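Student: Line by line, the protein sequences give chains A and B. Heads up, the first sequence is in our numbering, so the first residue is 333 and it goes up one at a time. Heads up, the second sequence is in our numbering, so the first residue is 15 and it goes up one at a time. C-beta atoms are modelled at their ideal positions from N, C-alpha and C, and glycine is treated no differently. For clarity, every value in this text was computed on a predicted model and none was experimentally measured. Pasting in a structure now, in structure tokens, and then I'll have a few things to ask.
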Amino acid sequence: MKRKHRRLLVVLTSLGLLGAASALVLSAVEDSLVFFYTPSDLASRSTPPDTLFRLGGLVEEGSVRRDGSTTHFRVTDLKRAIPASYTGILPDLFREGQGVVAEGTLTTDGSFTAREVLAKHDETYMPKEVADALRESGQWRDGEAKP
Amino acid sequence: MIAEIGQFVLILTLVLAAVQATLPLWGAARGDAALMALADRTAIGQAAALLVAFAALTYGFVTSDFSLELVYNNSHSLKPMLYKVSGVWGNHEGSMLLWILVLALFSAAVALFGRNLPPSLKARVLAVQAMIGLGFLAFIIFTSNPFARLSPAPLDGAGLNPLLQDPGLAFHPPLLYLGYVGFSMAFSFAVAALIEGKVDAAWARWVRPWTLAAWTFLTAGIALGSWWAYYELGWGGWWFWDPVENASFIPWLFGTALLHSAIIVEKRDALKSWTILLAIITFSMSLLGTFLVRSGVLTSVHAFAVDPERGVFILGILIVTIGGALTLFAIRAPNMKGGGLFSPVSREGALVANNMLLAVAAGTVLLGTLYPLILEGLSGGDAKVSVGPPFFNATFGPIMVPLVLMMAAGPMLAWKRGNLRTVAPKLIPAAIASVLAIVATFVLVPGGPVLAPFAMGLAVWLAAGTLAEWAGRINLFRVPLGDSWRRLKGQPRAASGMTLAHLGLATMIVGITGSSAWRTELVTTLVPGQSADGAGYTVTLAEVTRGRGPNYNYERGLLTISDKGREITTLTAERRFFPVANQTTTEAGIYTTILADLYGVIGEPGRTPETADAWTVRFFVNPLVPWIWLGAMVMVFGGSLSLTDRRHRVGAPRRGRTASAPQPVTAAAE
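And the structure:
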């Protein structure tokens, strides 16, 4: 096989592969993008009940209530709050007054059912989206002590 | 005082790096042997100086010198000694110091052991290493000084993040860095070759062992991190396609491709410019990984507190390194003509396909990891998204299928021109075994996704094909067993290493399939003495005790697991509360058998007086998870075995030839 032919074959195969990969990526991206909303975002838009999304904010002080293995709590961005629940063992750093990011869906009554509560490794860490959201709602400015 | 020595030595290293990055390069251009030889001395000097700096910081941690800000923030006098030491790299500043130390050690290894490298190539390699080192040393000294003092010195420290106080994680960062930074060797050799304008088989022979060593360390590092996440985070999972995990996985994928393409350069003198490009990309991905982890631009479940300004500095290093290397590549690569021609069906062809698939797979992982950043940038910060496991499963998985299918056949193909008709009969046993595995899985394991049995078939195909190739090499069953044994002992270690690494991957696929297809779990609330049925077992919370560890208080739950009245084991699951850090960690109780892990975690008790004795219990049956760790160990062992191959030791072939020369004489004398 001549060098020219070999190169053509390699180029064609690579293009084919890239095409196949792009097709895979495009079809997968559509169903697997998970958007991030704050309680205020949710109030200003309509989210269909079975869409998976991430809800971020602070766990409202005094809102955590246990019921068997289900935990009820409220997620707030200090402007609005949304009732949420999670069944299972919460991450070790889940605490009142701390930042939280939970992935789940809205139920028909407007409360949030978390499928997963994302863990953090460090108690001084604030999820970036939560920090941004609090900054937007004017509740937290850089350099200040975290709420 | 000791810390000030560390600080001084760091600055000294910066000067040495500046010298090493410039003078030897000039010397190589002018053919000045003295200037070129200077690189050896500065490289060894840098390594020695950084060892002193690292020892100074370790001394600060071990003696709990809280006048050092870093020690104050990350250590505590009550902490066990192992974690005082691992606390050195369990934080940003210390881990960057470790990064640069590893880089310097690799450079020193080239200076010490690369005696028969051409002097100009060696000088240029060391100069490029020093340029990388210069960037990161400046980064440490100007943005993240590990030796900053606190005045007045506090009485006790704030403690290391309790999640990091674990033997698995104590060794995870050093191994990972040996891998990440090890790829800098391939990068420096590639850039040096571009400057020289020459890439030949000898070049590939020098690059291969470094790449292989880095790959082996990275494999071990990723596996250790994954194992840690599995037993320490208490979610029952071991891989989350999280940005921080992907940051280590992308260089691994490119590094694996590089490992294979370097073989073609060495054996067939082809694919040169592609291999150079891969070497540049692999290390660039290591740098990108460092940037993603250290800057916190992506939200990760593994995120630690981060500082965006440091991110900008690393981004600068990243742009200069990648941009510079790629510009050089664009100028010089067209001159690199490959020699060996080959037909598409050949060992080279299979390796090229391996490279394409691995590169495309790494590309999709990279795209998925960076997509949230891209979208946020395009939408002006309004659209915040995350890309989760479904994306990676849907894109990465399908690309791996043809790769694994080919992996069984590739090693059987001849170099230059292979013949499918001679290879096909050798694969018939593998095909039969694979079909049997698919049918057996369908019949024996009901439930789970339809694709799972096919994934099992794929793993068996790879294992059987690899074994068939190995059996063919030693003529198993075709000659007397004694002859096969002799052939086995005569096998080059690199070939045996390849067989082991491929078998390791097959084992890992079995584990990955099992754990993702047939995992079952039970979440419930139990008071001590109470039982619940789920996941095919009866789980009894036997008792909960409270006590004190070295620097924590624990709640220890004993979970008795029984199957239809027959007691199997008692799992010990703990929640540990670390008062210094005001933080709780979970220790999963795990019972491992060859077929599955039984995995139990306890959560908080209720908060009201009536429910104060009711504990949340989570119990998983994780089928075949031990196979993942077994597979990783086999891969690491394969890599290490291959590293000991004498052909990889530069200079060994020449010595080997003189040593083996007298042999025919003795044979004749016998």
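Going by Cα to Cα distance, which pick from B:Ser121, B:Leu306, B:Thr296, B:Val213 is closest to Asp256 of chain B?
Tutor: Here the closest residue by C-alpha is B:Leu306.
Student: Closer than 9 Å by beta-carbon distance: list the chain A residues that pair up with Ile413 of chain B, in chain order.
Tutor: Per Cβ cutoff of 9 Å: Leu349, Ala352, Ala353, Leu356.
Student: Taking its Cβ as the centre, do 16 or more other Cβ atoms sit within 10 Å of Gly614 of chain B, making it buried, or is it exposed?
Tutor: Counting Cβ neighbours within 10 Å, Gly614 of chain B comes out buried, since at least 16 surround it.
Student: May I have the straight-line CA-CA distance separating Glu393 of chain A from Ala413 of chain A, to the nearest angstrom?
Tutor: Cα to Cα, Glu393 of chain A sits roughly 11 Å from Ala413 of chain A.
Student: One question on the structure: do Gly424 of chain B and Asn368 of chain B come within less than 8 Å of each other, judged by their Cβ atoms?
Tutor: Closer than 8 Å, so yes.
Student: Nearest-angstrom Cα distance between Leu358 of chain A and Leu387 of chain B?
Tutor: Each residue's alpha carbon lies about 17 Å from the other.
Student: Taking 8 Å as the CB-CB cut-off, is Met350 of chain B touching chain A?
Tutor: Not an interface residue.
Student: Note down, in chain order, every chain A residue with its Cβ under 7 Å from the Cβ of Met370 of chain B.
Tutor: Within 7 Å Cβ-Cβ: Thr345, Ser346, Leu349.
Student: Determine the DSSP secondary structure at Ala683 of chain B, reduced to helix, strand or coil.
Tutor: Any reading at Ala683 of chain B needs caution, since the residue's pLDDT is 36, under 50, leaving its predicted position unreliable; the model's value is listed next. Reduced to three states, the DSSP call for Ala683 of chain B is helix.
Student: To the nearest angstrom, report how far apart Leu434 of chain B and Leu427 of chain B are at their CA atoms.
Tutor: Going by the C-alpha atoms only, they are around 8 Å apart.
Student: Taking 8 Å as the limit between beta carbons, can you name the residues of its chain near Arg96 of chain B, skipping five residues before and five after?
Tutor: The amino acid at residue 96 of chain B is misidentified as Arg; the sequence shows Leu. Cβ neighbours of Leu96 of chain B beyond the five flanking positions: Pro181, Ala184.
Student: Throw me the rounded Cβ distance for the Met470 of chain B and Ala451 of chain B pair, which I believe falls under 8 Å.
Tutor: Confirmed, about 5 Å.
Student: Output the distance between the C-alpha atoms of Ser202 of chain B and Ala63 of chain B, rounded to the nearest integer angstrom.
Tutor: Near 21 Å, if we compare the C-alpha coordinates of Ala63 of chain B and Ser202 of chain B.
Student: Thinking Leu273 of chain B and Thr233 of chain B are a contact (beta carbons under 8 Å), I'd like their distance in whole angstroms, please.
Tutor: Leu273 of chain B to Thr233 of chain B, Cβ: 11 Å. No contact.
Student: If you reduce the DSSP assignment to three classes, tell me which class Ala319 of chain B lands in.
Tutor: Confidence at Ala319 of chain B is low in this model, with a pLDDT of 49, below 50, so its placement is unreliable and the value that follows should be read with caution. Three-state result, Ala319 of chain B: coil.
Student: Is Ala347 of chain B close to the ligand ADP? I mean its beta-carbon at under 7 Å from any heavy atom of the ligand.
Tutor: Although the ligand ADP was asked about, the structure shown includes no ligands whatsoever.
Student: What residues of chain A sit near Ser400 of chain B, judged by a beta carbon separation below 7 Å?
Tutor: Per Cβ cutoff of 7 Å: Val366, Phe368, Arg386.
Student: Compute the Euclidean distance between the alpha carbons of Ala319 of chain B and Leu380 of chain B, then round it to the nearest angstrom.
Tutor: Any reading at Ala319 of chain B must be qualified, since the residue scores a pLDDT of 49, below 50, and its modelled position is unreliable; no value is offered.
Student: Can you give me the start and stop residues for the beta strand (DSSP E) that Tyr613 of chain B sits inside?
Tutor: From DSSP, the beta strand (DSSP E) with Tyr613 of chain B extends over 610 to 619.
Student: Taking Pro404 of chain B as the query, report the chain A residues whose CB atoms sit under 8 Å from its CB, ordered along the chain.
Tutor: Near Pro404 of chain B (Cβ distances below 8 Å), the residues of chain A are Ala360, Asp363, Ser364.
Student: What are the boundary residues of the alpha helix (DSSP H) that includes Thr622 of chain B?
Tutor: Neither: Thr622 of chain B is in no alpha helix (DSSP H) and is coded neither H nor E.
Student: Starting from the N-terminal side, write out each stretch of the alpha helix (DSSP H) that is 4 residues or longer and does not extend beyond the segment 187 to 271 of chain B.
Tutor: With a minimum length of 4 residues, the continuous alpha helix (DSSP H) runs that stay inside the segment 187 to 271 of chain B are 215 to 246.
Student: Between the segment 384 to 415 of chain A and chain B, which residues of the former have CB atoms less than 7 Å from a CB of the latter, in chain order?
Tutor: Taking 7 Å as the Cβ-Cβ cut-off against chain B, the residues of the segment 384 to 415 of chain A that qualify are Arg386, Arg398, Gly400, Ser401.
Student: Below 8 Å on C-beta distance, what does Thr419 of chain A contact in chain B?
Tutor: Per Cβ cutoff of 8 Å: Val537.
Student: With a floor of 3 residues, list each beta strand (DSSP E) that falls wholly inside the segment 407 to 454 of chain A, ordered by position along the chain.
Tutor: Runs found: 413 to 419, 431 to 438, 444 to 449.
Student: Can you give the Cα-Cα distance for Gly74 of chain B and Val537 of chain B, rounded to whole angstroms?
Tutor: The straight-line gap from Cα to Cα measures roughly 45 Å.
Student: Rounded to a whole number of angstroms, what is the C-alpha to C-alpha distance between Leu585 of chain B and Phe456 of chain B?
Tutor: Cα-Cα distance, rounded: 31 Å.
Student: From B:Asn105, B:Ala447, B:Phe406, pick the residue whose C-alpha is nearest to that of Trp716 of chain B; which is it?
Tutor: Limits of chain B in this structure are 15 at one end and 684 at the other, which puts residue 716 of chain B out of reach.
Student: Could you spell out the range, first to last residue, of the beta strand (DSSP E) harbouring Leu555 of chain B?
Tutor: First-last of the beta strand (DSSP E) with Leu555 of chain B: 551 to 562.
Student: Looking only at its chain, what residues have a beta carbon closer than 7 Å to the beta carbon of Arg427 of chain A, apart from the 5 residues adjacent to it on each side?
Tutor: Counting only Cβ-Cβ distances below 7 Å, and skipping sequence neighbours, we find Val391.
Student: Give the C-beta separation of Ala172 of chain B and Leu119 of chain B to the nearest angstrom, bearing in mind that I take them to be a contact with Cβ-Cβ under 8 Å.
Tutor: Contact doesn't hold; Cβ gap of about 31 Å is too wide.
Student: With 8 Å as the threshold, decide whether the Cβ of Arg570 of chain B is near any Cβ in chain A.
Tutor: Judged by the 8 Å Cβ criterion, Arg570 of chain B is not in contact with chain A.
Student: Drop a sphere of 10 angstroms on the beta-carbon of Ala602 of chain B, count the other beta-carbons inside from all chains shown, and report buried for 16 or more, exposed for fewer.
Tutor: Buried, by the Cβ-count rule.
Student: Could you tell me whether any Cβ in chain A is nearer than 8 Å to the Cβ of Val594 of chain B?
Tutor: No, Val594 of chain B does not count as interfacial toward chain A.
Student: When the Cα atoms are used, what is the spatial distance from Gln21 of chain B to Leu174 of chain B?
Tutor: Using only the alpha carbons, I get a separation of about 23 Å.
Student: If we count the other Cβ atoms within 10 Å of its Cβ and call it buried at 16 or more, is Ser376 of chain A buried or exposed?
Tutor: By the 10 Å Cβ count, Ser376 of chain A comes out exposed.
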